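*Asks:* In the working numbering, the protein residues as written are 7 to 407.
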Amino acid sequence: MSRERWLVVGGQAAGQLATVATLPLLTRVLEPELMGLYQAAFAIGVILQPVASLRLEFLLPAVRGEVELRRLVRFSIWSQVICGVIAVALFAVLGLTGKHDASQIALMSGLIMVAYAWTVVDNALLVRQGAMHRLAVRNLLAGLLTAGLQILVALTVPNIFLLALSILIGRAVAILLTRRRAERSVTASLDQVEDVPWTGRRAVYSVLSGLVSSASLQGLTVYVTVGFGAAAAGAVGVAQRSASAPVAFLSQGLSQYSQAKIAAVLRSGEGEARREILHQIRGTLPIAALATVGLAVLGPLLAPFVFGPGWGDVGPVIALLALPIGLQLLLSPVMSVFVMLGRERLLLGVQVVRLAISLAGALIAQILTGDVLLTVLGFAIGTAVGYVFTLVAVWRLIRRP
Numbered sequence: 007m008s009r010e011r012w013l014v015v016g017g018q019a020a021g022q023l024a025t026v027a028t029l030p031l032l033t034r035v036l037e038p039e040l041m042g043l044y045q046a047a048f049a050i051g052v053i054l055q056p057v058a059s060l061r062l063e064f065l066l067p068a069v070r071g072e073v074e075l076r077r078l079v080r081f082s083i084w085s086q087v088i089c090g091v092i093a094v095a096l097f098a099v100l101g102l103t104g105k106h107d108a109s110q111i112a113l114m115s116g117l118i119m120v121a122y123a124w125t126v127v128d129n130a131l132l133v134r135q136g137a138m139h140r141l142a143v144r145n146l147l148a149g150l151l152t153a154g155l156q157i158l159v160a161l162t163v164p165n166i167f168l169l170a171l172s173i174l175i176g177r178a179v180a181i182l183l184t185r186r187r188a189e190r191s192v193t194a195s196l197d198q199v200e201d202v203p204w205t206g207r208r209a210v211y212s213v214l215s216g217l218v219s220s221a222s223l224q225g226l227t228v229y230v231t232v233g234f235g236a237a238a239a240g241a242v243g244v245a246q247r248s249a250s251a252p253v254a255f256l257s258q259g260l261s262q263y264s265q266a267k268i269a270a271v272l273r274s275g276e277g278e279a280r281r282e283i284l285h286q287i288r289g290t291l292p293i294a295a296l297a298t299v300g301l302a303v304l305g306p307l308l309a310p311f312v313f314g315p316g317w318g319d320v321g322p323v324i325a326l327l328a329l330p331i332g333l334q335l336l337l338s339p340v341m342s343v344f345v346m347l348g349r350e351r352l353l354l355g356v357q358v359v360r361l362a363i364s365l366a367g368a369l370i371a372q373i374l375t376g377d378v379l380l381t382v383l384g385f386a387i388g389t390a391v392g393y394v395f396t397l398v399a400v401w402r403l404i405r406r407p
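Here you go:
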């Protein structure tokens, strides 16, 4: 693996590990029910992030013209503002009607949604420039600042709303500290025409595919919240977050590096993008295999000591999710190629099939057994099958001229 890739991946992984390291403290400070509400809000916020970002983080690195670049960034900013306002409005309406748990989830998920959307869009501008060192520093800072704020909240005023607010503040400070005015000037022609212009139709397909993709794993916590209650969701959410968050942000670091390489080939119009895509998959395979084995083996062994009494289901859930998380890590670095090539409709179809298989597995297991762990197993098996289907779709796409 090249030094640049290690730099981005290391910064992302270290920053996220710092955030996940707060979970053992939170499980000892918060009751499972409150933790369940927070984890449900976190899952919903991550699922809805594509609506706020419009999935432009995948398109911005490959845009050729500066005028088009500025137009897309403006669209993203307005989308984030509108989504934030809607979340606050929902908080107020639900609170006034006496639905206090739902109102808390609405506000917290709104904060998390905007925090993640702002980060991925601003990071895409660094990816476009190839500013990998600054990107690595930002990823690390975001994790460390968020973790520090959440630890402060847990030790002083344990409050799930303040935990969500810590994510927004930590990421905002990291972005502002690593942004320079010069970043807004990119080496692009003002009048250069895009091969596949961004349109409202493309945006709809891209956002829908993003929602479905996020729901493929994050949706498990929401599903358990509805089907088994907040306490069960607390255990599943902690397990899913502690297992998938480091891997997901390791995946994001790999994706940022891969986007920079693939987008450079597509912008230049020279070379073979297929060869670069295959190179990125081969480079990710050992990391994905190691992550899968590590989660399956270490999850059940370490969870009882890490999270304390009352969280006995966390370890088994981590082990059950190991394979789908590993497959997500393997494929995520090249998923952006669908958007870069203007194949959002195909991407949406792939994501819908994968989510449908995952939910079908969970639903069948719940109906037959009524057991939380077996429901998670059904979801995991369905997700793994869905990722195999996704791999076939990627292979067929890159084989085309």
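The C-beta atom is built at its ideal place from N, Cα and C for all residues, glycine as well.
Keep in mind it's a predicted model, so treat the numbers as computed, not measured.
#1: With the cut-off set at 7 Å, would you say residue 330 and residue 238 are in Cβ contact?
#2: Just to check my reading of the structure: residue 408 and residue 332 have Cβ atoms closer than 8 Å, yes? What is that Cβ distance to the nearest angstrom?
#3: Give the C-beta separation of residue 155 and residue 181 to the nearest angstrom, bearing in mind that I take them to be a contact with Cβ-Cβ under 8 Å.
#4: Go ahead and pull the three-state DSSP assignment for residue 7.
#5: In angstroms, rounded to a whole number, what distance separates the CA positions of residue 314 and residue 56?
#6: Here's the rule I'm using: 16 or more other beta-carbon atoms within 10 Å means buried, otherwise exposed. How should residue 5 be labelled?
#7: If we call anything under 7 Å between Cβ atoms a contact, is residue 283 one with residue 345?
#8: At 4 residues or longer, what runs of the alpha helix (DSSP H) sit wholly inside the segment 119-195?
#9: So, for residue 216: in the same chain, excluding its five sequence neighbours on each side, which residues have a beta-carbon less than 7 Å away from its beta-carbon?
#10: Would you be able to state if there are at least three C-beta pairs under 8 Å between the segment 300-307 and the segment 360-375?
#11: Between which two residues does the alpha helix (DSSP H) harbouring residue 37 extend?
#12: Where does residue 61 sit, in a helix, a strand or coil, going by DSSP?
#13: My guess is that residue 119 and residue 51 are in contact by the Cβ rule of under 8 Å, so how many angstroms apart are they, rounded?
#14: Within 10 angstroms of its Cβ, does residue 95 collect 16 or more other Cβ (buried), or is it exposed?
#15: Tell me the rounded alpha-carbon separation between residue 295 and residue 84.
#16: Comparing the CB of residue 183 with every heavy atom of the ligand COA, is any distance shorter than 6 Å?
#17: Where residue 320 and residue 241 are concerned, what is the direct C-alpha to C-alpha distance, given to the nearest angstrom?
#18: Is the segment 62-73 touching the segment 93-112, taking contact as three or more C-beta pairs under 8 Å?
#19: Hey, would you say residue 243 sits closer than 7 Å to residue 86, going by beta carbons?
#20: For the segment 396-404 and the segment 367-384, state whether three or more C-beta atom pairs, one from each stretch, are separated by less than 8 Å.
#21: Tell me whether the beta-carbon of residue 160 lies closer than 7 Å to the beta-carbon of residue 369.
#22: If you draw a straight line from the alpha carbon of residue 117 to that of residue 326, how long is it in whole angstroms?
#23: Between 36, 390, 352, which lies nearest to residue 162 when the distance is taken from Cα to Cα?
#24: Counting only the same chain and skipping the five closest in sequence on each side, list residues whose C-beta sits under 8 Å from that of residue 185.
#25: For residue 315, report the span of its alpha helix (DSSP H) as first-last.
#26: Assign residue 232 to one of two classes, buried (16 or more other C-beta atoms within 10 Å of its C-beta) or exposed (fewer than that).
#27: Does DSSP put residue 27 in a helix, in a strand, or in coil?
#28: Apply the 10 Å Cβ neighbour rule to residue 124 and answer buried if 16 or more other Cβ atoms are within range, or exposed otherwise.
#29: Which residues mark the beginning and the end of the alpha helix (DSSP H) in which residue 369 is found?
#30: Which of the three DSSP states, helix, strand or coil, is assigned to residue 298?
#31: Alpha carbon to alpha carbon, what distance is there between residue 68 and residue 179?
*Replies:* With the structure as the only source:
#1: no
#2: What is shown of the chain runs 7 to 407, which leaves residue 408 out entirely.
#3: About 15 Å; that fails the 8 Å criterion.
#4: Caution is warranted here: a pLDDT of 49 is assigned to residue 7, below 50, making its placement in the model unreliable, and the coordinate value is therefore given only provisionally. The answer is coil: DSSP assigns residue 7 none of H, G, I, E or B.
#5: 34 Å
#6: For residue 5 there is no data in the structure shown, the boundaries of the chain being 7 and 407.
#7: no
#8: 138-162, 166-183
#9: Closer than 7 Å at the Cβ level, and outside the excluded window around residue 216, lie 56, 61.
#10: Touching, no, given that fewer than three Cβ pairs across the two stretches are closer than 8 Å.
#11: Element bounds for residue 37: n/a, residue is neither H nor E.
#12: Here residue 61 sits in coil by DSSP.
#13: 4 Å
#14: exposed
#15: 40 Å
#16: Judged by which ligands are present, the structure shown has none, so any question about the ligand COA falls away.
#17: 6 Å
#18: no
#19: For residue 243 and residue 86, no; Cβs fall outside 7 Å.
#20: no
#21: For residue 160 and residue 369, no; Cβs fall outside 7 Å.
#22: 30 Å
#23: Shortest Cα-Cα distance from residue 162 to any of 36, 390, 352 involves 36.
#24: 128
#25: Taken as a continuous stretch (DSSP letters only), residue 315 belongs to no alpha helix (DSSP H), as it is neither H nor E.
#26: exposed
#27: coil
#28: buried
#29: Residue 369 -> alpha helix (DSSP H) spans 350-375.
#30: In the structure shown, residue 298 adopts helical secondary structure according to DSSP, grouped into three states.
#31: 27 Å
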